[in-house]
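**Q**
Numbering (the numbering used here), first residue to last: 1206 to 1376.
1. Under 8 Å: do the stretch 1366-1376 and the stretch 1326-1335 share three or more Cβ pairs, one atom per stretch?
2. Would the beta-carbon of residue 1234 fall within 8 Å of that of residue 1298?
3. Return the Cβ separation of residue 1227 and residue 1236 in integer angstroms, given the expectation that the two are a contact with Cβ distance under 8 Å.
4. When you compare only the Cα positions, how much space is there between residue 1350 and residue 1374?
5. Looking only at its own chain, which residues have a Cβ that is under 7 Å from the Cβ of residue 1208, when we skip the five neighbours before and after it?
6. Would you call the CB atoms of residue 1286 and residue 1312 closer than 8 Å?
7. Starting from residue 1347, trace the beta strand (DSSP E) both ways and give me its first and last residue.
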């Protein structure tokens, strides 16, 4: 297959498309530090329009506020790289789309921007499902370490794709 993306990313996206197509499920993503990489991987797959509903690339806080309507209180209190924001992003992507499941990614890809509490390589994921209890938070924080900007973004995209699989465990 002709692609500019890494083979492992395209293979993971193909699994997401194939398995979700088999159960008639549509997916959405809300991306920050991955900058649309998950959406790009999903749309590399022929027939992805059967499954992929929408991708929100909300890199800045203003975009999170404007496109996803994330609460400024949540952003100010917890910061963009937090379980609260990832969860809010996933809920918003689900609400603003016709998708059955949404995954959100926010993190610090580096090389700058890290802190003691949120060093470079910190990425937070959120997942929301149609019909799910909005008070039941499905989110997790991962530390990919210093893999370099590209490595962090690739690992984050792979994790996000895994969370879109029908048999994925709770993040």
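Cβ atoms here follow ideal geometry from the backbone N, Cα and C, with glycine treated the same way. Quick caveat, the model's predicted, so the values are computed rather than measured.
**A** By the coordinates alone:
1. yes
2. yes
3. Actually they do not touch by this definition, with Cβ atoms about 25 Å apart.
4. 23 Å
5. 1215, 1249
6. yes
7. 1344-1348
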